[in-house]
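The structure appears below as structure tokens.
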Amino acid sequence: MHHEIMLEMLDGKLHLAPINQNPERILDVGTGTGIWAVDCAALYPSAEMIGTDLSPIQPSWIPHNVTFEVDDAARDWTRPDNYFEFIHIRNISQGIEDWDQLLGEAYRCTKPSGYLELAELEMKLYSDDNTMAPAFNKWIQLLKDASDKMKRPSVSGVNQTASRKRRFCGCQRRYGEATIWTLG
């Protein structure tokens with residue numbers, strides 16, 4: 003479902019990074035079911051597509067240019083420096099405690115002319131007419147407090163970590179809005 007939501011928000015695109023049409027190697031960190039990696043492999047058939055995740059839940063039938071590996075992105079990566087043209091990280095913010103470590107490894111493994119794309123969904127509830135029930139606000143605050151206690155930053159916390167370290171140059175932040183749903 004997250005994959006479809008992201009495709010909707012990106013107007014059908016798999017990513018926003020302006021990578022060249024013939025990348026050599028692409029890494030999908032926290033690949034989950036592997037759907038993004040499989041779709042990306044079809045878009046870039048000459049690329050070596052590697053998807054990593056803690057859980058081996060990916061399909062057994064995959065395109066020839068896709069490899070799935072069980073790996074913990076929060077630890078040291080086994081790839082050499084400057085290995086990937088594009089590293090894609092999406093929807094893992096609540097599973098990572100040490101973003102400095104993860105972003106440091108991403109920086110190390112990205113080629114100097116390469117791209118890192120970090121895409122996360124942050125659930126916040128808003129009301130366009132200020133009629134949201136106080137219980138919703140309390141619920142959101144409780145979720146934030148729980149994330150803080152577990153040392154799992156919100157998406158805005160991840161953005162602050164990335165900005166503070168300033169390892170990446172030419173960083174851009176892009177935000178999208180989800181569809182407004184009427185309740186009741």
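Counting from 3, one number per residue, gives the positions in the sequence shown under our numbering. The beta carbon of each residue, even a glycine, is placed where N, CA and C say it ideally should be.
For residue i, the three-state DSSP class (helix, strand or coil)
i: Tyr-117; result: strand
i: Arg-110; result: helix
i: Met-11; result: helix
i: Gly-97; result: helix
i: Leu-29; result: strand
i: Ile-52; result: strand
i: Ser-149; result: helix
i: Gln-60; result: coil
i: Asp-41; result: helix
i: Asn-84; result: coil
i: His-17; result: coil
i: Ala-75; result: coil
i: Gln-143; result: helix
i: Tyr-46; result: coil
i: Gln-23; result: coil
i: Ala-187; result: Absent from the model: residue 187. The displayed extent of the chain is 3 to 186, so no value can be given.
i: Asp-130; result: coil
Residues sharing a beta bridge with residue i, DSSP
i: His-90; result: Asp-30 and Glu-119
i: Val-68; result: Met-51
Burial state of residue i, where buried means 16 or more other Cβ atoms lie within 10 Å
i: Val-40; result: buried
i: Glu-99; result: exposed
i: Thr-80; result: exposed
i: Gly-34; result: buried
i: Trp-101; result: buried
i: Ile-182; result: Reliability of the predicted coordinates at Ile-182 is poor, the pLDDT of 47 falling under 50, and no value is obtained from them.
i: Tyr-128; result: exposed
i: Met-152; result: exposed
i: Gly-32; result: buried
i: Ala-107; result: Checking the sequence, you will find Glu at residue 107 rather than Ala. Glu-107 should be labelled buried.
8 Å Cβ cutoff met for residue i and residue j
i: His-4; j: Leu-123; result: yes
i: Pro-65; j: Ala-43; result: yes
i: Lys-113; j: Asn-67; result: no
Query raised in the report: Okay, do the segment 108-119 and the segment 144-155 touch, 3+ Cβ pairs below 8 Å being the bar?
Result: No, they do not touch.
Query raised in the report: Hey, is the segment 88-96 in contact with the segment 22-35, meaning 3+ C-beta pairs nearer than 8 Å?
Result: Touching, per the Cβ criterion.
Query raised in the report: Taking one C-beta from the segment 7-17 and one from the segment 30-49 each time, how about it: are there three or more such pairs within less than 8 Å?
Result: Three or more Cβ pairs closer than 8 Å define a contact, and the segment 7-17 meets that threshold against the segment 30-49.
Query raised in the report: How about the segment 131-143 and the segment 95-110: do they share at least three Cβ pairs that are nearer than 8 Å?
Result: Segments in contact, no.
Query raised in the report: On the three-pair Cβ rule with 8 Å, is the segment 73-86 touching the segment 45-63?
Result: The segment 73-86 makes contact with the segment 45-63, as at least three CB pairs between them are under 8 Å.
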